[in-house]
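Here's the structure we're looking at; comments come further down.
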Amino acid sequence: MKTFRDQMGREVSVTSLPQRIVSLVPSITEYLFVLGLEERVVGITKFCIYPEAWFQSKPRVGGTKTPDFAKIQNLVPDLIIGNKEENRLEDIEALGRLAPVWMSDVNSIEDMYDFLACVADIVGCREKGAEIIEQWKGYFKEYSNQGAGKKALYVIWKDPVMVVGKETYIDAYMEAVGYQNCVHEPRYPMLDALENCQPGSRRLILLIFKGSFPRLKSLWFPAKNIHGMAYETSSDMPVLFYDGNCPLCNRVVRFILDQERAPVLHFSAQQHQATLDWLAQHPEYAMNEDTVYYYNGKNLYARSSAVLRLIPTLKWYWGFLYVGWFVPKMLRDALYDFVAKRRKKFGGECLFDPRLKGRVLQS
């Protein structure tokens with residue numbers, strides 16, 4: 021047994037080299053993947069959608085705040101890794117009776133380096149962890165002036181509108197790449213409660229939630245108050261919904277990534293929680309896994325119509341495919357159904373294309 025101190029100051033004793041690891045946080049799951057622990061991670065949460073191969077193949081043990089204790093116990097873990105902010109303290113204490121639980125608590129860049137080093141040490145990948153830390157240091161050095169001193173507002177929730185304040189990792193990250201957080205209150209205050217964050221000067225707004233944001237618009241629009249918009253996801257963005265367990269569907273996704281005019285389309289496997297959340301926001305629609313769907317921001321199209329509606333997103337030389345519109349819908353849907361029913365007979369693996377990073381619909 022070895023004893024380590026986690027970022028909450030707790031002493032955690034683990035076997036000399038944990039072989040059955042459960043991750044309770046998406047970012048931790050991604051880091052374990054980067055460390056090369058394919059065979060040693062035995063459980064992840066339903067929100068751990070990266071890497072997609074893990075999401076499809078590894079047991080899911082509930083959500084970050086709703087862990088399935090029975091599933092976790094059946095996996096017989098020898099190490100559980102969580103996060104103070106993402107996981108509830110009462111759950112962590114209960115899980116500690118099943119297996120050693122190492123908790124992260126990252127509020128600064130130095131905390132992040134400490135997290136990377138400690139986890140790598142616990143799982144026996146110290147050299148790989150050190151390599152990743154050096155890569156991060158190089159990244160911050162290269163992009164230290166990306167924001168060029170612009171003021172920024174980082175929104176994390178819409179109802180109520182909540183933003184990132186001081187004493188958080190995101191604030192430290194923004195500062196490290198040259199942005200000035202215009203929120204001075206600690207942690208994650210509600211926008212309505214802020215006294216020192218009113219429109220007037222030009223600002224950069226970072227939006228990370230999906231859905232509409234009328235309250236935010238009323239405070240920060242018209243656009244003259246916005247210097248730029250670094251990242252926005254909304255319920256009006258175009259999305260392709262497909263069967264994530266279908267090799268043919270995954271080939272189609274890779275084809276689109278190869279041939280698209282611009283990276284404007286988002287993707288979501290129908291098995292993902294994000295698709296279920298999207299359907300909950302759009303109760304007028306229903307889906308089944310035998311059909312591909314394309315949402316253009318206004319309407320949802322299915323079967324052959326979804327395929328043809330994707331043509332404008334492709335490079336110009338695929339324009340000849342527009343002739344498909346001259347085929348009667350009954351006939352082209354019949355052809356679509358013929359292929360769809362046999363789609364899983366096509367060989368190949370459902371591998372995650374790294375070009376999808378940042379373009380998968382988020383839960």
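Taking the working numbering, the leading residue of the sequence shown gets 21, the next gets one more, and so forth. We put the CB at the ideal spot given by N, CA and C, even for glycine.
- With distances taken between CA atoms, residue 139 lies nearest to 122 out of 291, 127, 122, 128.
- Between the beta-carbon of residue 103 and that of residue 48 there is about 7 Å, and that keeps the pair under the 8 Å contact cut.
- With three or more CB-CB distances shorter than 8 Å, the stretch 196 to 211 counts as touching the stretch 174 to 187.
- The Cβ atoms of residue 142 and residue 119 lie no closer than 9 Å to each other.
- A distance below 9 Å separates the beta carbons of residue 78 and residue 62.
- A contact between stretches requires three or more CB pairs, one per stretch, nearer than 8 Å, and the stretch 345 to 353 fails this requirement with the stretch 285 to 304.
- Residue range 89 to 94 is occupied by the alpha helix (DSSP H) that includes residue 94.
- According to the DSSP secondary-structure assignment, residue 63 is paired through a beta bridge with 42.
- A buried status is given to residue 314, since no fewer than 16 other beta-carbon atoms sit within 10 Å of its beta-carbon.
- For residue 323, the enclosing alpha helix (DSSP H) stretches over residues 323 to 329.
- Around the CB of residue 165, fewer than 16 other CB atoms lie within 10 Å, so the residue is classed as exposed.
- Per the C-alpha coordinates, the member of 310, 289, 321 positioned closest to residue 304 is 321.
- DSSP assignment within the stretch 177 to 206 yields the following whole alpha helix (DSSP H) runs of 4 residues or more, N-terminal first: 189 to 196.
- Secondary structure within the stretch 285 to 352: the alpha helix (DSSP H) runs of 4 or more consecutive residues, fully enclosed, are 293 to 301, 323 to 329 (chain order).
- Secondary structure of residue 103 (DSSP, three-state): strand.
- Residue state for residue 58 is assigned as coil, using DSSP reduced to three classes.
- In the three-state scheme derived from DSSP, where H, G and I count as helix and E and B as strand, residue 119 is classed as coil.
- For the set 268, 328, 129, 130, the Cα lying nearest the Cα of residue 363 is the one of 268.
- When the five nearest sequence neighbours on each side are left out, the beta carbons in the same chain lying within less than 8 Å of the beta carbon of residue 21 are those of 33, 34, 35, 36, in order along the chain.
- The shortest C-alpha to C-alpha distance from residue 199 to any of 116, 173, 188, 323 is the one to 173.
- Residue 287 places its beta carbon less than 9 Å from that of residue 260.
- Rounded to the nearest whole angstrom, the CA to CA distance from residue 341 to residue 271 is 18 Å.
- Residue pairing by DSSP places residue 31 opposite 25 in a beta bridge.
- In this structure, residue 189 places its C-beta atom within 9 Å of the C-beta atom of residue 131.
- According to the DSSP assignment, residue 211 belongs to no beta strand (DSSP E), since it is labelled neither H nor E.
- Burial is judged here by how many other beta carbons sit within 10 angstroms of a residue's own beta carbon; residue 74 has at least 16 and is buried.
- Within the same chain, and ignoring the five residues on either side of residue 273 in sequence, the residues whose Cβ sits closer than 8 Å to its Cβ are 260, 262, 287, 373, 376.
- The beta carbon of residue 93 is closer than 8 Å to those of 118 in its chain, skipping five residues each way along the sequence.
- Among the bridge pairs identified by DSSP, residue 70 is matched with none.
- By the Cβ neighbour-count rule, residue 67 is buried, with 16 or more other Cβ atoms within 10 Å of its own.
- Take residue 381, set aside five residues on each side of it, and the residues of its chain with a beta-carbon closer than 6 Å to its own are 259, 286, 288, 294, in chain order.
- Remark: C-beta atoms of residue 136 and residue 144 do not approach each other more closely than 9 Å.
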